[in-house]
Amino acid sequence: MKKNILFLILSVFCAKIMFSESTENIKNFVKGNLSEKTSAVKAATKDEVEELSKRAIDFAIENKEILGEDRELAALAVSGILAVPQTFADELSDEEKTRLSDEFLSLYNLFEDETVKIAVLNKIAKLDISTEKFKESLNKYLSECNPETENRAILTASILTIGNIGDSNSFKILFDNAQKNEWKKYQEENEKALGLLCVKAEKEIIEIIGSGNTAECRKIFDFVMRNQKNNQIFCAKISESVLARAIYIYENSGSANDEIISLQVDSFCVLRDFKWTRASATTIRFFDVAVKEFENSQMNESFFCLVIEGIAETSPIESVSKLSSYLSKLNKSMEDEKSKVSEPVVLSLIKTLGAIGDKNAFDSLLAVTYYNYSDTVIAAARDALAKLKW
Numbered sequence: 006m007k008k009n010i011l012f013l014i015l016s017v018f019c020a021k022i023m024f025s026e027s028t029e030n031i032k033n034f035v036k037g038n039l040s041e042k043t044s045a046v047k048a049a050t051k052d053e054v055e056e057l058s059k060r061a062i063d064f065a066i067e068n069k070e071i072l073g074e075d076r077e078l079a080a081l082a083v084s085g086i087l088a089v090p091q092t093f094a095d096e097l098s099d100e101e102k103t104r105l106s107d108e109f110l111s112l113y114n115l116f117e118d119e120t121v122k123i124a125v126l127n128k129i130a131k132l133d134i135s136t137e138k139f140k141e142s143l144n145k146y147l148s149e150c151n152p153e154t155e156n157r158a159i160l161t162a163s164i165l166t167i168g169n170i171g172d173s174n175s176f177k178i179l180f181d182n183a184q185k186n187e188w189k190k191y192q193e194e195n196e197k198a199l200g201l202l203c204v205k206a207e208k209e210i211i212e213i214i215g216s217g218n219t220a221e222c223r224k225i226f227d228f229v230m231r232n233q234k235n236n237q238i239f240c241a242k243i244s245e246s247v248l249a250r251a252i253y254i255y256e257n258s259g260s261a262n263d264e265i266i267s268l269q270v271d272s273f274c275v276l277r278d279f280k281w282t283r284a285s286a287t288t289i290r291f292f293d294v295a296v297k298e299f300e301n302s303q304m305n306e307s308f309f310c311l312v313i314e315g316i317a318e319t320s321p322i323e324s325v326s327k328l329s330s331y332l333s334k335l336n337k338s339m340e341d342e343k344s345k346v347s348e349p350v351v352l353s354l355i356k357t358l359g360a361i362g363d364k365n366a367f368d369s370l371l372a373v374t375y376y377n378y379s380d381t382v383i384a385a386a387r388d389a390l391a392k393l394k395w
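Using our numbering, read the sequence shown as starting at 6 and increasing by one per residue.
Take a look at the structure:
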């Protein structure tokens, strides 16, 4: 078994390194004791580092069974792992990358030493090599381990590593863990890893959102938006799914608390900022919901004005009839002296209709000038009328 392991390591490194005449430092490694071997690896020059890192890992694996959990052997293993250059795998074939990954996994499994394991995890996350077996191993570990008794440093490194090398299954495991009380102390690490994995799990995320409660949708929305590596298309898709779910939750509960309102507004703002017109049907539906929430004093005036103005970015043509109809409703309310019409809301409607410039807004805008609005509102209506395209 040891001979097979050694052969695999040699085959990987030999593809990259043509042994040249040994340097004094390499000779010191060969002649030295464990401590001196570690010192030789640490002193390696750019030309020596690949060979010495190979020799250190070879020696650690070959002698682990004999020396057991020896601290000096563990130190040599760590020095070899850390010395592997970041660009080492660039010129390796896919087969060689797979073999190198397998050797790191063997090294990880052979040693119980915390520092060795963490060094392997950190290196495997950074090297461009095949990680399928390592991924499967970490997925199994993270789905079965007890976070309250597990070594915190190793568990933290495992979570962050799976964030870099994991797949959609890794995402589901971490997301399930994040819902459990015993995993709360790993919340920061979990959310960071989930943010890195989310693009690989778009289908799974949308499925979770489709049946999730407000808290679950908020958690997903936040870690997706916090990860700056996520592209606009992905963020927009997730935001639309979150907004649609938030609307559904409101429509089926008949009430809206601060959490559901903020989730609606935050997801809508992403669509607005990206000018995501593909979400036109969802945002138009949201406008209808926002009207109800505002009139029921569930959504504040500032948020409602934001929705009115933002709808022009996501549904410029489709929103005209909705905005005009609502402005007409407010105009009629002005006939009743007891009715109190929000001037900021009216101004938002007028300015948005003027910005869109669709002539179908003419009647509602013109009507504003016939009611007892303030001079500011009437002036805004006339300005909007002048912007309509005929």
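The C-beta atom is built at its ideal place from N, Cα and C for all residues, glycine as well. All figures in this text were calculated on a predicted structure; none of them were measured in a lab.
Out of curiosity, what's the CA-to-CA distance linking residue i and residue j?
| i | j | result |
| --- | --- | --- |
| Ile62 | Gly215 | 48 Å |
| Lys59 | Val89 | 8 Å |
| Trp466 | Asn127 | Examination of residue 466 is not possible in this model, given that the chain is present from 6 through 395 alone. |
| Lys140 | Ile289 | 43 Å |
| Asn151 | Ser173 | 22 Å |
| Asp227 | Met304 | 21 Å |
| Gly359 | Lys337 | 20 Å |
| Leu268 | Ala251 | 7 Å |
| Leu78 | Thr103 | 25 Å |
| Gly168 | Asn30 | 37 Å |
| Leu371 | Glu314 | 19 Å |
| Lys242 | Ala198 | 20 Å |
Out of the options, which one is the CA nearest neighbour of residue i?
| i | options | result |
| --- | --- | --- |
| Ser135 | Tyr113, Glu117, Phe109 and Ser148 | Phe109 |
| Ile399 | Gly171, Glu101, Asn301 and Cys240 | This structure leaves residue 399 out entirely; the chain is present only between 6 and 395. |
| Ser246 | Asn235, Tyr191, Pro152 and Val275 | Val275 |
| Lys280 | Ala249, Ile238 and Gly259 | Ile238 |
| Lys327 | Ile211, Phe292 and Ile123 | Phe292 |
| Gly259 | Val294, Gln233, Glu348 and Phe180 | Val294 |
| Ser344 | Ser244, Glu101 and Lys334 | Lys334 |
| Ala317 | Phe299, Leu354 and Val350 | Leu354 |
| Asp263 | Asp278, Arg223 and Arg277 | Arg223 |
| Lys205 | Glu193, Ser175 and Glu100 | Ser175 |
| Ser142 | Gly37, Asn114 and Val121 | Asn114 |
Mapping the DSSP letters down to three states, classify residue i as helix, strand or coil.
| i | result |
| --- | --- |
| Asp363 | strand |
| Lys394 | strand |
| Lys89 | The amino acid occupying residue 89 in the given sequence is Val; Lys does not appear at that position. Correct three-state label for Val89: coil. |
| Ala158 | helix |
| Phe116 | coil |
| Gln237 | helix |
| Asn38 | coil |
| Ile134 | coil |
| Asp75 | coil |
| Tyr378 | coil |
Report buried or exposed for residue i, applying the criterion of at least 16 other Cβ atoms within 10 angstroms of its Cβ.
| i | result |
| --- | --- |
| Tyr253 | exposed |
| Ala220 | exposed |
| Glu340 | exposed |
| Tyr375 | exposed |
| Ala158 | exposed |
| Ser98 | exposed |
| Lys42 | buried |
| Arg397 | Since the first residue shown for the chain is 6 and the last is 395, residue 397 is missing from the structure and cannot be characterised. |
Could you check whether the Cβ of residue i sits closer than 7 Å to any heavy atom belonging to the ligand MG?
| i | result |
| --- | --- |
| Lys337 | Absence of the ligand MG from the depicted structure is noted, as is the absence of any ligand whatsoever, leaving it without description. |
4 or more residues per run - each alpha helix (DSSP H) lying fully within the segment 313-350: List check, alpha helix (DSSP H) in window: 324-338.
Ranges of the alpha helix (DSSP H) found wholly within the segment 273-316, counting only runs of at least 4: The qualifying runs are 285-300.
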